[in-house]
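Note sheet for the following structure.
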Amino acid sequence: MTDLVSDFDFTLPPERIADHPARPRDSARLLDVPAEGPFMDRHVRDLPGCLRAGDILVANDTAVIPAQFTAMRGAAKIGITLDRILPDGTWHALARNARRLRVGDTLTFAHTPVTAEVTSRGDAGDVTLRFSAGGAAFDQFLHDAGRLALPPYIARPDGPTEQDRKDYSTIFAQHRGAVAAPTAGLHFTPDLLAALDHAGVIRQTLTLHVGAGTFLPMRSEQISAHQMHAERGTISPHAAERINAARAAGGRVVAVGTTSLRLLESATDEEGRVHPFHGETAIFIRPGYRFRAVDMLLTNFHLPRSTLFMLVCAFGGYHRMKAAYAHAIASGYRFYSYGDACLLHRAEGDLP
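According to full-length UniProt numbering, the sequence shown is numbered sequentially starting from 1.
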């Protein structure tokens, strides 16, 4: 099995990168990739016809916060992107010009009295911050000083727009804490949810707060040298019970997005039983991984040389996913966060 990141490379024409979502959202295209046989070109609104009564659709109900800031340490300007809140109430964050920071430094922010103290500094441009405000005051600080951390491939020279604040949020969003949206969830509309309910598809949510590490490229050519960033997640006892009951009754577990899949796989034992979960996961799924929880995956099209493309190759088969992406590029599918989607049926065992 390969350990080379280059084996997960492909060429994507720039015009295939979406800078706005389809409208309505469920009019986005959907590439149906069965375990074998021809690919099928559909639309997301066709999803109820691709599933069966008794299948359980599991979506991520995290909500995006404005997590990007410009801070000052004296006269030095420091770019801060929040990553995740830690059990002691501090925040792990990524910092541009982190080398200028020292433990004990105080950061200030324009137009707000809130400050942040640097409580630790890592070796990879990461820091831990303790903010002077919490609760509702911290929420107000996010609103006043924060900006949406859009992926770098969505061109916004003047920063995210008010429309982006609406577009970069899913219909499932409930629990605030994500830096980036779980983008497979962006395709759902009230009409689509009603159609899924009518088709007898069970719906369940869990929470994985997507961290700033999702924006970072792999820096080594060796896959084994890559260290995944941790993200906080929760699967309630009620959610675990419903997922297990649906599967025991013959239903398939359909993960909406790689975030839902990663949390489900983190919480599932060797016998395939999902357990309640509350904590951090840094699971790294690549070809050779044996899936225990998820039978189907609805996901967007991912970046070349990325851990997420490795994940879909693990799930749908390496050569099959390379062929599916080639088909999507040739057929004009739109890629990345605001782009189209694919529905993958599990087909493990096809290794690079």
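Just so it is clear, CB atoms sit at the ideal spot from N, CA and C, and this is done for glycine as well. No experiment lies behind these values; they were computed from the predicted model shown.
Worksheet item: How far does the alpha helix (DSSP H) with I78 in it reach, from first residue to last?
Response: Numbered from its first residue, the sequence shown carries residue 78 at position 78. That residue, I78, is in no alpha helix (DSSP H); its beta strand (DSSP E) goes 76-85.
Item to complete: Measure from the alpha carbon of F277 to the alpha carbon of each residue in I285, T268, F69, then state which is nearest.
Response: The count along the sequence shown starts at 1 and reaches residue 277 at position 277. Checking every option, the nearest Cα to that of F277 belongs to T268.
Worksheet entry | Nearest neighbour of D350, chosen from A35, R29, A22, D9 [CA to CA] | Here the question's residue 350 lines up with position 350 in the sequence shown. Residue A35 is the option with its Cα nearest to D350.
Worksheet item: So does the stretch 162-174 actually touch the stretch 51-63, counting three or more Cβ pairs closer than 8 Å?
Response: yes
Discussion item. Given this structure, state the Cα-to-Cα distance separating H275 from P113, to the nearest angstrom.
Written reply: By one-based count along the sequence shown, residue 275 stands at place 275. By one-based count along the sequence shown, residue 113 stands at place 113. Approximately 43 Å between the Cα atoms of the pair.
Worksheet entry | Helix, strand or coil at I202 [DSSP, three-state] | Here the question's residue 202 lines up with position 202 in the sequence shown. I202 falls in the strand class under three-state DSSP.
Worksheet item: Roughly how many whole angstroms lie between the Cα atoms of R242 and L107?
Response: Working through the sequence shown from its first residue, we reach residue 242 at position 242. Working through the sequence shown from its first residue, we reach residue 107 at position 107. Going by the C-alpha atoms only, they are around 45 Å apart.
Practice prompt. Can you tell me which of the three DSSP states T214 falls into?
Written response: Within the sequence shown, the letter at position 214 stands for residue 214. It is helical.
Discussion item. Whole angstroms are fine: how far does the CA of L298 sit from the CA of P182?
Written reply: Start at 1 with the first residue of the sequence shown, and residue 182 comes out as number 182. Start at 1 with the first residue of the sequence shown, and residue 298 comes out as number 298. Spanning the two alpha carbons is a distance of roughly 11 Å.
Item to complete: Please say whether V44 and A28 have beta carbons closer to each other than 8 Å?
Response: Translated into positions along the sequence shown, residue 28 becomes position 28. Translated into positions along the sequence shown, residue 44 becomes position 44. It is a contact, given that the beta carbons lie within the stated cut-off.
Item to complete: Could you have a look at N244 and say whether DSSP puts it in helix, strand or coil?
Response: By one-based count along the sequence shown, residue 244 stands at place 244. Correct three-state label for N244: helix.
Discussion item. Less than 6 Å between C-beta atoms, sequence neighbours within five positions excluded: which residues of the same chain meet that for F309?
Written reply: Locating residue 309 in the sequence shown gives position 309, where the first residue counts as 1. Taken in chain order, the residues that qualify are F8, H302.
Fill in: Buried versus exposed call for P287 [16 or more other C-beta atoms within 10 Å across all chains shown]
Along the sequence shown, one-based indexing puts residue 287 at 287. Burial call: buried.
Practice prompt. Answer yes if the stretch 84-93 comes into contact with the stretch 130-137, meaning at least three C-beta pairs across the two stretches below 8 Å, and no otherwise.
Written response: yes
Fill in: Exposure of G146, with buried meaning 16 or more beta-carbon neighbours within 10 Å
Here the question's residue 146 lines up with position 146 in the sequence shown. G146 comes out buried.
Worksheet item: Between E265, E280, L261, G250, which lies nearest to H229 when the distance is taken from Cα to Cα?
Response: As a working note, residue 229 is residue 229 in the sequence shown. For H229, the nearest C-alpha among the options comes from E280.
Fill in: CA-to-CA distance, R16 to G332, given in whole angstroms
For this step, residue 332 is matched to residue 332 along the sequence shown. For this step, residue 16 is matched to residue 16 along the sequence shown. G332 and R16: Cα-Cα distance of roughly 7 Å.
Worksheet item: Is the Cβ-Cβ distance between V103 and A255 less than 8 Å?
Response: On the sequence shown, residue 103 is found 103 positions in, with the first residue counted as 1. On the sequence shown, residue 255 is found 255 positions in, with the first residue counted as 1. Not a contact, by the Cβ cut-off of 8 Å.
Practice prompt. May I ask which residues mark the beginning and end of the alpha helix (DSSP H) holding V312?
Written response: Numbered from its first residue, the sequence shown carries residue 312 at position 312. Its alpha helix (DSSP H) spans residues 307-316.
Worksheet item: If you drop the 5 nearest sequence neighbours on each side, which residues of the same chain put their C-beta closer than 7 Å to that of G37?
Response: Along the sequence shown, read from residue 1 onward, the residue named residue 37 stands at position 37. Counting only Cβ-Cβ distances below 7 Å, and skipping sequence neighbours, we find nothing.
Item to complete: In angstroms with no decimal places, state the Cα-to-Cα distance between A116 and A245.
Response: By one-based count along the sequence shown, residue 116 stands at place 116. By one-based count along the sequence shown, residue 245 stands at place 245. Roughly 46 Å between the two C-alpha positions.
Worksheet item: By a C-beta neighbour count over all protein chains shown, 10 Å radius and 16 as the cutoff for buried, is E221 buried or exposed?
Response: Looking up residue 221 in the sequence shown gives position 221. Counting every other CB atom within 10 Å of its CB across the protein chains shown gives E221 a total below 16, marking it as exposed.
Worksheet item: Cβ atoms of V179 and L82: under 8 Å apart, would you say?
Response: As a position in the sequence shown, residue 82 is number 82, starting the count at 1. As a position in the sequence shown, residue 179 is number 179, starting the count at 1. Yes. Within cutoff.
Worksheet item: To which residues does DSSP link E280 through a beta bridge?
Response: Counted from its first residue, the sequence shown places residue 280 at position 280. R232.
Worksheet entry | 3-residue-minimum beta strand (DSSP E) runs that sit fully inside the stretch 15-63, ordered along the chain | 29-33, 40-43, 56-60
Practice prompt. Have a look at the DSSP bridge pairing and note the partners of F335.
Written response: Walking along the sequence shown from the start, residue 335 turns up at place 335. I17, per the DSSP bridge assignment.
Practice prompt. Starting from S6, follow the alpha helix (DSSP H) in both directions and report where the run begins and ends.
Written response: For this step, residue 6 is matched to residue 6 along the sequence shown. That residue, S6, is in no alpha helix (DSSP H); it is neither H nor E in DSSP.
Item to complete: Determine the extent of the alpha helix (DSSP H) in which F188 is found, giving its start and end residues.
Response: As a working mapping, residue 188 is identified with position 188 in the sequence shown. Segment: none, F188 is in no alpha helix (DSSP H) and carries neither H nor E.
Worksheet item: Under the three-state reduction of DSSP, which class applies to R176: helix, strand or coil?
Response: By one-based count along the sequence shown, residue 176 stands at place 176. R176: strand per DSSP, three-state reduction.
Discussion item. Checking 8 Å against the spacing of the C-beta atoms, do R96 and G79 come in under that value?
Written reply: Residue numbering aside, residue 96 sits at position 96 when the sequence shown is read from its first letter. Residue numbering aside, residue 79 sits at position 79 when the sequence shown is read from its first letter. Going by C-beta atoms, R96 is nearer than 8 Å to G79.
Worksheet item: Beta carbon of L263, beta carbon of L208: below 8 Å?
Response: As a working mapping, residue 263 is identified with position 263 in the sequence shown. As a working mapping, residue 208 is identified with position 208 in the sequence shown. With contacts defined by Cβ atoms closer than 8 Å, L263 and L208 form a contacting pair.
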